[in-house]
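In this note's numbering, the protein residues as written are 51 to 482.
Here's what the structure looks like:
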């Protein structure tokens, strides 16, 4: 990506060292043509200044633990700042001005400055950066984080999240799609509100595979040795392997996981896999280094429109995984009122529409497809057939069809002991 003039290399490097020490390349990195790392709306700052702006004391500074039960602590007065940790390239970006239009709009409407950092490359990696402070009862750097459903369940179980005050979220109450209300990982949306959703399946380039890909076992075909990608996140990779054995992840035992791990380990030892990837699999698939890989649905939609029209996405015959990324607030945030304002902002259908037109995942907000179709019609009326066509495709893609959900599954809620066992088995696969 081109450098962001507001984010000098030294500052960018400092942010990476402090917040995401093992960060890889971002998802959709070559689509966005935007700034690196993060943006502090209002100007570039040094890392100490960023931390000061965040209102965060150095690690080890004790703060009140706040509420971790089902009732939120009354919200204080707005502070005028929110520190937002998200996945790379998971927001709308103006490639010409290198700004985030919706964040600029939020600041204009609310007066709240957004310290936005692409700090989440992998759920486990990010958890490792915040867990020590949360376990010690300290504040983290963040007021708002985007994490996947199973990680939300873990953090709720550990008491690491602050309950949401739904009185401050009228847009969520009015506009949240029923599919994202009262989810399995957070009953009553007590601690989270969906950001975006998608399906884990297989992305492949038929020009390289020379045939359609239909099963998980196609990833293990020796014909593709060295050109196959796996995910570094345990749950997606292990659950896809479980499904290939006819085992539903929700019901899987540790013995089942051992069988899945053995299957993957055999392929790993045969050098079937090019690597185990985070978001950086996108670049490898787009540029042809990978012929096929485990993939996320929205990434492939974006790739087809903007980077490589040949790539296809398929849910394998054995099934795929449905996941939801969620906004959540860590325990004892510095700026909870501002974080609530940001959650509420994204549940305005107009703002959600702007986000969906850019990133192409499933939106949790009602009415978004209709608004995108209106934009498509407006583009067509101006004679812009390319934009109209792309938006029409997006309108159909941002809400999952009943057909798309027929053969997808959710993650199992793991006990602490099960989670350790699953992780140990997966690490044995990754290390060969």
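We treat Cβ as the ideally placed atom computed from N, Cα and C, and that holds for glycine. From a predicted model like this one, the values you see are computed outputs, not experimental measurements.
- Contiguous alpha helix (DSSP H) elements confined to the segment 218-273 occur at 220-225, 256-259, taking only those with 4 or more residues.
- Residue state for residue 137 is assigned as coil, using DSSP reduced to three classes.
- Here the alpha carbons of residue 407 and residue 415 stand approximately 13 Å from one another.
- Only residues of its own chain outside the window of five on either side were considered, and among them 266, 293, 294 have a CB closer than 6 Å to the CB of residue 368, listed in chain order.
- Residue 427 and residue 440 have their C-alpha atoms roughly 11 Å apart.
- For residue 202, the three-state secondary structure derived from DSSP is helix.
- According to the DSSP assignment, residue 393 belongs to the alpha helix (DSSP H) that extends over 386-396.
- Looking at the DSSP output, residue 207 bridges to nothing.
- Residue 197 sits away from residue 221, with the two beta carbons spaced by 8 Å or more.
- The criterion of a C-beta distance shorter than 8 Å is satisfied by residue 318 and residue 479.
- Per the Cβ contact rule, the segment 246-265 is in contact with the segment 352-362 (3 or more Cβ pairs under 8 Å).
- When the alpha-carbon of residue 380 is set against those of 180, 285, 290, 143, the nearest one is in 180.
- Judged by beta-carbon spacing, residue 329 lies within the 8 Å limit of residue 171, meaning their Cβ atoms are closer than that value.
- From the listed residues 300, 342, 156, 351, the smallest Cα separation to residue 324 is found for 342.
- Straight-line measurement puts the Cα of residue 238 at about 7 Å from the Cα of residue 231.
- By the Cβ neighbour-count rule, residue 432 is exposed, with fewer than 16 other Cβ atoms within 10 Å of its own.
- When the five nearest sequence neighbours on each side are left out, the beta carbons in the same chain lying within less than 8 Å of the beta carbon of residue 277 are those of 258, 324, 339, 340, 341, 342, in order along the chain.
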